Amino acid sequence: MHISDDLREVELGLSELVLRGHKVVKGKAEGEAIVTRDSISFMGGVDPKTGTITESRSELEGEKISGKILVFPGGKGSTGGSYMLYDMSKRGTAPNGIVNIRTDSIVAIGAVMGSIPTVDQLERNPLEVIRTGDYVVVDGDSATVRIRKS
Amino acid sequence: MYLTREEEDMLHGKMGPAVQKSMEILVALGEIYNAERMIPVNSVHMPGSSVVVAGDAGTEFVEEMAGTNVTFKARTTLNPAAIDFERWKELRIPDEYAKRQKKLSLAYKSMGAILSHTCTPYLTGNLPRIGEHVSWGESSAICFVNSIQGARTNREGGPSALASAITGRTPLYGLHLDENRKPRLLVKVSARLSSITDYGALGYYAGRVCKGENPYLTGIPTDASIDQLKMLGAALASSGSVALYHAKDVTPEARWAEEVTAKEGPKQTVELGEAELKKAYEDLSKAQSDEIDVVCIGCPHNSIYEIRDVARNLKSRKVNTNVRLWICTSCSVKSESDRMGYTKVIEQAGGIFMCDTCPVLSPVKEIAKRDGLKTIGTNSAKLAHYAPGQCNLYPHYGMLEKCISATISGRWN
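As you go down the protein sequences, you meet chains A and B in turn.
All residue numbers for the first sequence refer to this note's numbering, where the first residue is 1 and numbers rise by one.
All residue numbers for the second sequence refer to this note's numbering, where the first residue is 1001 and numbers rise by one.
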C-alpha cells in the first residue's frame, strides 16, 4: 500500500508531503535525509569524532550522518548510546534531526540531552516514503515531518 | 503524567538542581512513552561508567551533578571503566584515559555508587528479585535481570540511569508492564547446545530475527548454566536489542509466556537448527587472516567458573610471544581467582588480567592502532559483534579450547 501511494505521488508530480507523527524531542531541524533500514547502536556502531557509521554489515557503513536528518527504524544494542549521541551533539557531529519508526529509550534520552528534534510513529513508514537525498524538515513541536523529494 | 507531591517538589527544584535536572529527564522520558506515573526503584546499574562511553559531554554532565553534593537514593553499581585501576600502566593504556577515568569514578563514588566496575553486577551483589522494578543500563545485564531474575527494567541509557539513582524513581512504561513482557516470537531451537559459544551463536542469530521483540525459546536445556544464559542474553542484546527473553522451563516467567504464546499466537515462528547455528558461527568470524594478535575471554565479565576453565586449559602451556591473552573480569571475581590459584596459573602462562574494564569499553581502538593489532579471537558473540566497529579488530569466533590453542600457536585453525 505504501509503495503504490509513493508511485502515485511520483506520477502526479507531487514533490512535497507532510506526515504527522509523535513528538519525541521538541524543536525544528532540517537537512538532507540519510535513510537506512538498519537499526543503529550509537555506541560501537558510530564514530562520535567523525560522525561516521562504523558498524560492519550496516547499509550505511562509512557514511557520514553529521548535519543530516537521520531516518532509521530505531536504536539497538549498547546502552552507552545515549551519552554517545549527546557527545556527538556537543562536538557538532550529530545528525540535525531524527525520524524513527519507533524511537527506543537509548536514542530518545540521547536526543533529549543533545536537543536533537526527533519525531517517530509517522502515519506512513518513513523508510518507504523518504529517500536518501530528499530534503526533510523535522518539527518536534508540531510532531510533523515535511519531505521535499529530490 | 501524574506526579506525587514529593516528585513535584523534585521537579520544581526544592531538593536541589541535580534532583531537578534528573526529574526533568525522567518526566521527558515518561511523556515520550505515555507513562501514567513514576515508580520507586532501589537498584540501579550505571552505563556510561567508562569515559570511552560517557565521552567529554557525558563526563562533564556526571561531574556537574556530583558537584552539587547530591546523594543517590538508590543502590547503584557501576559498569566497566576504561581502565584496569591496578594495571593500566602495564596494559599501556594512555595516561590521559586513566586521569579522566579516575575523576569520573570518583564523581560517581561521591554520589554513593559502589565502584564495582563490572558488566555482571548480578555476580557481585546487585541482584534484584522477581517482579522488582529497577533501572539498569548495560544491554547484557538488562537482558539478564529481566530474563533470568524476572526483575523489570527498561533499557536505560547513562543519563536516565543516573536520574533514577538520584531520585529513586523511573517512569512506569515498557518492560515494567505485563503487556510489554509478553513474548511476540516463538523460537524453536533444535540445534544441540553445549559450549557457551553455542549459546552466543544462538543469541546472535535469534537477535537478528527478533529486532527488539521478546522471544519465547523452546529447546534450551534445563541445566543450562548461568554463564551459558549470560552469553545467550548478551548476544541477543547486541545483535538485536533484545531486553527480555523467556525460555521454556528455564526462566521464571516461562510458564506465563507459554500460556500467552498459546493463547495469542506468536507473530512469527523461527526454527533454529544446526544449519542456522553454523551460519551464525560463520557470520561472527570476520577476520581474513588466520594470524591472531589478541585473544580475549570474558565478555561479559568472566565468572569464577569461566576463569577456572581458562586456568585448566592453560596449565603448563605458554602464550605465544606474538599474542596477547586478555582475561576480563570484576575485581571481586579476580580476588576469588587469586585465592583459588587460577590467577597464578594464567599469569605464569603469560595471560593478562584486565579487571574493571574490557576491550569494548577501554580505548582498545587506539591501542590496536598504536601496536598494529588487527585480529582478535574470542568465545564471546557480543565481543565478536562489537570488535570491528569499537576496537578496529577483526574477530575469529570459537570455543574456549580453540581460543586457548590460538594463544599458544598464534594461529586460528
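Note that CB positions come from ideal geometry on N, CA and C, so glycine has one too.
Since we're looking at a predicted model, the values are computed, not measured.
Between which residues of its own chain and residue i is the CB-CB distance below 6 Å, once the five residues before and five after are set aside?
i: Gly1200/B; result: Met1231, Ala1235, Ala1381
i: Val1134/B; result: Val1041, Ser1043, Pro1128, Ala1151, Thr1153
i: Asp1249/B; result: Thr1222
i: Val46/A; result: Ile53
i: Leu1229/B; result: Ile1148
i: Val1390/B; result: The residue asked about is misnamed: residue 1390/B is Gln in this sequence, not Val. The residues are Val1360.
i: His1246/B; result: Pro1183, Tyr1216, Glu1253, Ala1254, Ala1257
i: Ala1066/B; result: Ala1107, Ser1110, Met1111
i: Met1/A; result: Legend: pLDDT at Met1/A = 45, less than 50; position of this residue unreliable, value from coordinates given subsequently. There are no such residues.
i: Glu1213/B; result: Arg1184, Leu1185
i: Val112/A; result: Val25
i: Gly1113/B; result: Residue identity differs from the one stated: residue 1113/B is Ala in this sequence, not Gly. Cβ neighbours of Ala1113/B beyond the five flanking positions: Thr1076, Leu1078.
i: Asp139/A; result: Lys28
Give me, in chain order, the residues of the same chain whose beta-carbon lies closer than 7 Å to that of residue i; leave out the 5 immediate sequence neighbours on both sides.
i: Ser4/A; result: With a pLDDT of 49 at Ser4/A, under the threshold of 50, the predicted position of this residue should be treated as unreliable, though the coordinate-derived value follows. Counting only Cβ-Cβ distances below 7 Å, and skipping sequence neighbours, we find nothing.
i: Leu70/A; result: Ile34, Pro95, Ile98
i: Ser39/A; result: Phe72, Pro73, Gly74, Gly75, Lys76
i: Thr1167/B; result: Met1010, Val1019, Ser1022, Met1023, Leu1026, Lys1073
i: Glu1138/B; result: His1045, Pro1047, Asn1079, Cys1119
What first and last residue would you give for the beta strand (DSSP E) that runs through residue i?
i: Met43/A; result: From DSSP, Met43/A is part of no beta strand (DSSP E); its letter is neither H nor E.
i: Val1270/B; result: 1268 to 1272
i: Ala33/A; result: 28 to 35
i: Met1038/B; result: 1038 to 1040
i: Thr1077/B; result: 1075 to 1078
i: Gly97/A; result: 97 to 100
i: Glu1011/B; result: Per the sequence shown, residue 1011/B should be read as Leu rather than Glu. Note, Leu1011/B: premise wrong, no beta strand (DSSP E); alpha helix (DSSP H) at 1005 to 1011.
i: Trp1088/B; result: Premise fails: Trp1088/B is in no beta strand (DSSP E) and is neither H nor E.
i: Asp120/A; result: 118 to 120
Under 7 Å Cβ-Cβ, which residues of chain B neighbour residue i?
i: Pro48/A; result: Gly1055
i: Thr93/A; result: Those within 7 Å of Thr93/A in chain B number zero; the least Cβ separation is about 11 Å.
i: Val24/A; result: Ile1032
i: Lys149/A; result: Correct list: empty, because the minimum Cβ distance to chain B is about 28 Å.
i: Lys68/A; result: Near Lys68/A there are no residues of chain B at all, since even the closest Cβ is about 19 Å away, more than 7 Å.
Can you pull the chain B residues whose beta carbon is under 9 Å from the beta carbon of residue i, in chain order?
i: Thr54/A; result: Pro1388, Gly1389, Gln1390, Asn1392
Around the C-beta of residue i, are 16 or more other C-beta atoms found within 10 angstroms, so that it is buried, or is it exposed?
i: Asp141/A; result: exposed
i: Pro1017/B; result: exposed
i: Asp1338/B; result: exposed
i: Arg8/A; result: Confidence at Arg8/A is low in this model, with a pLDDT of 48, below 50, so the placement of that residue is unreliable and no value is reported for it.
i: Gly1125/B; result: exposed
i: His1012/B; result: exposed
i: Lys1369/B; result: exposed
i: Glu11/A; result: Confidence at Glu11/A is low in this model, with a pLDDT of 48, below 50, so its placement is unreliable and no value can be given for it.
i: Ala1206/B; result: buried
i: Ala1280/B; result: buried
i: Arg148/A; result: exposed
i: Thr79/A; result: buried
i: Val1319/B; result: buried
i: Lys49/A; result: exposed
i: Thr1071/B; result: exposed
i: Val18/A; result: exposed
i: Glu1096/B; result: exposed
i: Gly1298/B; result: buried
i: Asp1178/B; result: exposed
Taking Cβ-Cβ distances shorter than 7 Å, what residues in chain A pair up with residue i?
i: Val1360/B; result: Gly44
i: Ala1028/B; result: Val112
i: Glu1138/B; result: Thr79
i: Pro942/B; result: Residue 942/B lies beyond the stretch modelled for chain B, which goes from 1001 to 1413, so this question has no answer here.
i: Ser1238/B; result: Gly77
i: Lys1286/B; result: Ser56
For residue i, report the span of its alpha helix (DSSP H) as first-last.
i: Pro1363/B; result: Run containing Pro1363/B: none; DSSP gives neither H nor E here.
i: Gly81/A; result: 81 to 91
i: Asp1095/B; result: 1095 to 1111
i: Glu1063/B; result: 1051 to 1066
i: Ser1022/B; result: 1017 to 1032
i: Asp139/A; result: Element bounds for Asp139/A: not the alpha helix (DSSP H) but the beta strand (DSSP E), 135 to 139.
i: Trp1256/B; result: 1254 to 1264
Is any heavy atom of the ligand ATP found at a distance shorter than 8 Å from the C-beta of residue i?
i: Trp1326/B; result: Absence of the ligand ATP is noted for the structure shown, with no ligands found whatsoever.
What residues from chain A crowd round residue i, counting only those whose CB sits closer than 8 Å?
i: Asn1154/B; result: Ser105
Using a Cβ cut-off of 9 Å, pull out every chain A residue sitting near residue i, in sequence order please.
i: Ser1241/B; result: Ser39, Ser41, Gly74, Gly75, Lys76, Gly77, Asp104, Ile106
i: Pro1159/B; result: Ser82, Tyr83, Tyr86, Ile109, Gly110, Val112, Met113
i: Gly1025/B; result: Sequence inspection shows Ile at residue 1025/B; the Gly mentioned does not correspond to that position. In chain order: Ile109, Val112, Met113.
Using the beta-carbon of each residue, which ones in chain B are nearer than 8 Å to residue i?
i: Asp87/A; result: Ala1054, Gly1055, Asp1056, Ala1057, Gly1058
Excluding five sequence neighbours on each side, which residues of the same chain lie with their C-beta closer than 8 Å to the C-beta of residue i?
i: Asp1309/B; result: Leu1400
i: Leu1202/B; result: Val1189, Ala1191, Leu1193, Leu1232, Ala1235, Leu1272, Leu1277, Ala1280
>> Which complete alpha helix (DSSP H) runs does the region 1158 to 1245 of chain B hold, if anything under 4 residues is left out?
In response: 1158 to 1167, 1178 to 1181, 1196 to 1210, 1226 to 1240
>> Which runs of the beta strand (DSSP E) at least 3 residues long sit entirely within the region 1342 to 1403 of chain B? Give them in chain order.
In response: 1352 to 1355, 1375 to 1378, 1394 to 1397
> Which full runs of the beta strand (DSSP E) of 3+ residues lie inside the region 1284 to 1322 of chain B, going along the chain?
Replying inline: 1294 to 1297
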